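Participant:
2 protein chains.
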Amino acid sequence: MGPRPSEFEIIDRYFSWALPSKWHTQGIGDDCALVDIGATRVAVTTDTTAIGTHYLPDADPLTVGYKALAVNLSDLAAAGAAPRAFFLALSLPSSNAEWLDAFSRGLHEAATQFSCPLLGGDTTKTVMVNGEAAAATITITAIGEVCRGLTRGGAQAGDDVWVSGTPGDAYAALMLRTGTWQGLCDSYLASRMDKPTPRVALGQFLEPIASAAADISDGLIQDLGHILSRSGLGAEINAGAIAVSESLAKFPQEKRLKAQLAGGDDYELIFTAPKSVRNDIEAFARQAGLVLSRIGQTKKEMGLTLTDADGRIIHETWSGFDHFKSDN
Amino acid sequence: MGPRPSEFEIIDRYFSWALPSKWHTQGIGDDCALVDIGATRVAVTTDTTAIGTHYLPDADPLTVGYKALAVNLSDLAAAGAAPRAFFLALSLPSSNAEWLDAFSRGLHEAATQFSCPLLGGDTTKTVMVNGEAAAATITITAIGEVCRGLTRGGAQAGDDVWVSGTPGDAYAALMLRTGTWQGLCDSYLASRMDKPTPRVALGQFLEPIASAAADISDGLIQDLGHILSRSGLGAEINAGAIAVSESLAKFPQEKRLKAQLAGGDDYELIFTAPKSVRNDIEAFARQAGLVLSRIGQTKKEMGLTLTDADGRIIHETWSGFDHFKSDN
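Residue numbers (our numbering), protein chains in the order written: chain F, 1 to 328; chain C, 1001 to 1328.
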């Protein structure tokens, strides 16, 4: 075995080629690639979820099906795209009819809810390892339509930083279910982990007015970090301004903060927008019944300053989630 | 465990929904879906290949990278599409730098050869099972551009049936490497298994003149069967007319025929075309230096009649490859 590069190093080192494209493209390395096909700009994303990695080994297959599509629709939402179609590649250790029935119902539920038809796919049997079934992996490629398209790279100094929903809930559910945190995983927290809501309508609303966006799959700080590094900016963030759910608020501040800032798996949107559209965003939030928190602003100077509700600096060492880092 | 449906039953039973699509589509269940995005018709395909299923456990990662893209480009070829872009989802048990380096070089070789840039992707770590690494799976979604697009569904009674190359070579290589056949796997046969040639130029040539096409991933008879069932036709096929490589010709007729007719993994094209374009097809074959065999014709009456070089009926019981059939 050679040295073990991280997920981001893998992409940079091995898969960042410069082959000419007949279709104008941008946003490679973002949540979506934006590709101009004729006069239509599409957003395309590919995400794999795997039993044991993204789902607990005994996860309900209905929620597995729902979430497998939801995480891809979340990437489309981050680009401000309207979902149009998806393709499914399913690798299974065996073809258990009961599992497939529930999985396909969950997938169908998300596809119907977000008007995103399944247009093709592939089904593969994975091998047994020492008589044990290999984990199921589900790869979905989703395609949406945008006008301009949001990327991580357009933030301007002085923009507001916003986040949707109540980040940290999915992480809290995972910690409770695995016994890392003491306590019962209530049905609200469970639903945020099992059936995250891709913020598709929010993404489409933001597309003409926001300056940059990402979805929170790896943790708020890490995903904000992608926006800042792509945009060449820093930010001041008040963690105390992040909306917190009743269920998460019951836990001590240290646990809560880690869940909110580094938890990941929330599929909320973090985005930047000029101050001039603050009222429009607040009006959308009221109308949609969706919590949107204004949590800070970007600045010219690189680096991230994190404070708590009382204005004290938070010295955090969490780095968000990297699939190939051994300390996760 | 419930009953175990086959790969085709899985698709029919669980994933054949009728959700409305904003983009006009056809060919769902074919090698590619054809999707109209604005004035541009694209062909989209998703294929997973897995170590241990599509590659031997000790496969050279360079050939794994090449083949992972080649099999998707072969689907684009079957639709008559010009490759435009692909997306990669890689599920790995660990991030071995040596493996990734060779894999990415193989992938890059195929991408460069067929002018198909990588526009996005996802890297996921799969779990260990009982301390053993789970198999690596590679899912690629490839997008090409077509005018009309070929599907499996357009064959007419009385069309010629053609096949490219020398089918059976990849299967022979597999049989020899696994010791199922006695003998040495020569470098020619090995190359047909490890680095199959997607028939991209042939597909684009055929697009305006052929009536139906499929690539041979599951075996000539099974893939021809897809064309016949989609087109509502039968066929008479002379197996003796299928071009055979020098390497495969050394094996007894029974082995050879099974490899040619049911072998799969060849990624040659099987297609139907009216008699009126016979000369055009032969001229293309000469110019491209590619063997094209005219192996029979379609007929109104359902069913497939297979004969050998002497006109004797072949009673074969092979059904081609089904990932979830236990007898494979």
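No residue lacks a Cβ here, since even glycine has one placed at the ideal position from N, Cα and C.
All values reported here derive from a predicted model rather than from experimental measurement.
Just tell me which of F:A170, F:E98, F:G296 has its CA closest to the CA of F:Y267.
Facilitator: Here residue 267 of chain F refers to the residue found at position 267 when the first sequence is read from its first residue. Checked all of F:A170, F:E98, F:G296; the closest Cα to F:Y267 is F:A170.
Participant: Does the segment 1215-1235 of chain C come into contact with the segment 1102-1122 of chain C, if we say contact requires no fewer than three beta-carbon pairs (one atom in each stretch) closer than 8 Å?
Facilitator: Taking a cut-off of 8 Å on C-beta distances, the segment 1215-1235 of chain C does not touch the segment 1102-1122 of chain C, as fewer than three cross pairs fall below it.
Participant: Which residue or residues does DSSP assign as beta-bridge partners of F:R294?
Facilitator: The residue labelled residue 294 of chain F in the question sits at position 294 within the first sequence. According to DSSP, which records beta bridges pairwise, F:R294 is partnered with F:W162.
Participant: By the DSSP assignment, the alpha helix (DSSP H) with F:R177 in it spans what residues?
Facilitator: As a working note, residue 177 of chain F is residue 177 in the first sequence. From DSSP, the alpha helix (DSSP H) with F:R177 extends over 169-177.
Participant: Could one say the Cβ of F:S104 lies closer than 9 Å to chain C's Cβ atoms, at least one of them?
Facilitator: On the first sequence, residue 104 of chain F is found 104 positions in, with the first residue counted as 1. The beta-carbon of F:S104 is placed less than 9 Å from the nearest beta-carbon of chain C.
Participant: Any C-beta of chain C sitting closer than 9 Å to the C-beta of F:H226?
Facilitator: Along the first sequence, read from residue 1 onward, the residue named residue 226 of chain F stands at position 226. It does not; no Cβ of chain C falls within 9 Å.
Participant: Of all Cβ atoms in chain F, is any one closer than 9 Å to the Cβ of C:K1125?
Facilitator: By one-based count along the second sequence, residue 1125 of chain C stands at place 125. It does: the Cβ of C:K1125 has a partner Cβ on chain F nearer than 9 Å.
Participant: Any beta carbon from chain C within less than 9 Å of F:K299's own beta carbon?
Facilitator: Locating residue 299 of chain F in the first sequence gives position 299, counting from the first residue. Cβ-Cβ to chain C under 9 Å: no for F:K299.
Participant: Do C:P1061 and C:F1103 have their beta-carbon atoms positioned less than 9 Å apart in this structure?
Facilitator: For the purposes of this step, residue 1103 of chain C is identified with residue 103 of the second sequence, where counting begins at 1. For the purposes of this step, residue 1061 of chain C is identified with residue 61 of the second sequence, where counting begins at 1. Their beta carbons are under 9 Å apart, which means C:F1103 touches C:P1061 by this criterion.
Participant: Quick one: list the residues of chain C neighbouring F:T63, beta-carbon separation under 9 Å, in chain order.
Facilitator: The residue given as residue 63 of chain F occupies position 63 in the first sequence. Neighbours of F:T63 on chain C: none; closest Cβ ~16 Å, over 9 Å.
Participant: For the 8 Å Cβ check, are there 3 or more pairs between the segment 150-159 of chain F and the segment 266-281 of chain F?
Facilitator: The way I'd put it, the segment 150-159 of chain F does touch the segment 266-281 of chain F; three or more beta-carbon pairs between them come closer than 8 Å.
Participant: Let me know the secondary structure DSSP gives C:K1250 once reduced to three states.
Facilitator: The count along the second sequence starts at 1 and reaches residue 1250 of chain C at position 250. Three-state result, C:K1250: coil.
Participant: Using DSSP bridges, identify the partner residues of F:Y188.
Facilitator: Walking along the first sequence from the start, residue 188 of chain F turns up at place 188. Answer by DSSP bridge pairing: none, since F:Y188 is not bridged.
Participant: How long is the line joining the alpha carbons of F:T126 and F:S91, rounded to whole angstroms?
Facilitator: Numbered from its first residue, the first sequence carries residue 126 of chain F at position 126. Numbered from its first residue, the first sequence carries residue 91 of chain F at position 91. Straight-line Cα distance between these residues: approximately 6 Å.
Participant: Find the nearest neighbour of C:L1150 within the set C:L1269, C:L1069, C:L1119, C:L1220, judged by alpha-carbon distance.
Facilitator: Sequence index remark: in the second sequence, residue 1150 of chain C carries index 150 (1-based). If we check each option's Cα against that of C:L1150, C:L1269 comes out closest.
Participant: Where are the beta strand (DSSP E) runs, 3 residues long or more, that stay fully inside the segment 75-152 of chain F, in chain order?
Facilitator: As far as the segment 75-152 of chain F is concerned, its whole beta strand (DSSP E) runs of at least 3 residues are 82-92, 118-125, 137-146.
Participant: For F:Y14, which residues in chain C fall below 7 Å Cβ to Cβ?
Facilitator: Numbered from its first residue, the first sequence carries residue 14 of chain F at position 14. Chain C residues near F:Y14: L1100, D1101, S1104.
Participant: For F:G234, which of helix, strand or coil comes out of DSSP?
Facilitator: The count along the first sequence starts at 1 and reaches residue 234 of chain F at position 234. If DSSP states are grouped into helix, strand and coil, F:G234 belongs with the strands.
Participant: Just curious, the beta strand (DSSP E) that F:F271 is in, first and last residue?
Facilitator: Residue 271 of chain F sits at position 271 when you count from the first residue of the first sequence. That run of the beta strand (DSSP E) goes 269-273.
Participant: Can you pull the DSSP bridge partners for C:Y1055?
Facilitator: For the purposes of this step, residue 1055 of chain C is taken as residue 55 along the second sequence, with counting starting at 1. C:Y1055 is bridged to C:I1051.
Participant: Cβ atoms of C:Y1014 and F:L119: under 9 Å apart, would you say?
Facilitator: Here residue 119 of chain F refers to the residue found at position 119 when the first sequence is read from its first residue. Here residue 1014 of chain C refers to the residue found at position 14 when the second sequence is read from its first residue. Not closer than 9 Å, so no.
Participant: Between which two residues does the beta strand (DSSP E) holding C:L1202 run?
Facilitator: By one-based count along the second sequence, residue 1202 of chain C stands at place 202. From DSSP, C:L1202 is part of no beta strand (DSSP E) but of the alpha helix (DSSP H) over 1200-1206.
Participant: Is there a Cβ of chain C sitting closer than 9 Å to that of F:C116, yes or no?
Facilitator: Within the first sequence, residue 116 of chain F is the residue found at index 116, counting from 1. For F:C116, the answer is yes, since a Cβ of chain C falls inside 9 Å of its Cβ.
Participant: Can you check which of these residues, C:I1143, C:R1148, C:E1145, C:T1124, is closest to C:T1137 by C-alpha distance?
Facilitator: Mapped onto the second sequence, residue 1137 of chain C falls at position 137. It is C:T1124 whose Cα lies nearest to the Cα of C:T1137.
Participant: Near C:I1227, what residues of its chain come up, given a Cβ to Cβ distance below 6 Å and the 5 sequence neighbours on each side ignored?
Facilitator: Against the second sequence, residue 1227 of chain C aligns to sequence position 227. Counting only Cβ-Cβ distances below 6 Å, and skipping sequence neighbours, we find R1152, A1155, A1212, A1214.
Participant: Residues in the same chain with beta-carbon distance under 6 Å from F:G27, minus the five sequence neighbours each way, listed in chain order, please.
Facilitator: Numbered from 1 along the first sequence, position 27 holds the residue referred to as residue 27 of chain F. Counting only Cβ-Cβ distances below 6 Å, and skipping sequence neighbours, we find A33, L34, T151.
Participant: Put C:T1063 into one of helix, strand or coil per three-state DSSP.
Facilitator: Position 63 of the second sequence, counted from the first residue, corresponds to residue 1063 of chain C. Of the three classes helix, strand and coil, the one that applies to C:T1063 here is helix, per DSSP.
Participant: Would you mind working out which of C:A1285, C:S1217, C:A1243 sits nearest C:I1295, comparing C-alpha positions?
Facilitator: Your numbering for residue 1295 of chain C matches position 295 in the second sequence. Out of C:A1285, C:S1217, C:A1243, C:A1243 has the C-alpha closest to the C-alpha of C:I1295.
Participant: Less than 9 Å separating the beta-carbons of C:F1205 and C:F1284?
Facilitator: As a working note, residue 1205 of chain C is residue 205 in the second sequence. As a working note, residue 1284 of chain C is residue 284 in the second sequence. In contact: C:F1205 and C:F1284 (Cβ atoms closer than 9 Å).
Participant: Who are C:L1034's beta bridge partners in DSSP?
Facilitator: To locate residue 1034 of chain C, count along the second sequence from 1; it is residue 34. C:L1034 pairs with C:Q1026, C:A1043.
Participant: Looking at the C-beta of C:E1109, does it have a partner C-beta in chain F at a distance below 9 Å?
Facilitator: For the purposes of this step, residue 1109 of chain C is identified with residue 109 of the second sequence, where counting begins at 1. Not closer than 9 Å to any Cβ of chain F, the Cβ of C:E1109 fails to qualify, so no.
Participant: In this structure, how does DSSP classify F:I209 when only helix, strand and coil are distinguished?
Facilitator: Locating residue 209 of chain F in the first sequence gives position 209, counting from the first residue. Three-state DSSP puts F:I209 in coil, outside helix and strand.
Participant: At the level of alpha carbons, what is the spacing between C:S1016 and F:A190?
Facilitator: The residue you call residue 1016 of chain C lines up with position 16 of the second sequence. The residue you call residue 190 of chain F lines up with position 190 of the first sequence. Spanning the two alpha carbons is a distance of roughly 30 Å.
Participant: Does C:G1038 have its Cβ less than 9 Å from a Cβ in chain F?
Facilitator: Position 38 of the second sequence holds residue 1038 of chain C. Closer than 9 Å: yes.
Participant: Does F:L73 come out as helix, strand or coil in the three-state DSSP assignment?
Facilitator: Reading the first sequence from its first residue, position 73 is the one you call residue 73 of chain F. Reduced to three states, the DSSP call for F:L73 is helix.
Participant: Please look up how many angstroms separate the CB atoms of C:L1056 and C:R1192, rounded, as I've assumed it's under 8 Å.
Facilitator: For the purposes of this step, residue 1056 of chain C is identified with residue 56 of the second sequence, where counting begins at 1. For the purposes of this step, residue 1192 of chain C is identified with residue 192 of the second sequence, where counting begins at 1. About 14 Å separates the two Cβ atoms, so there is no contact after all.
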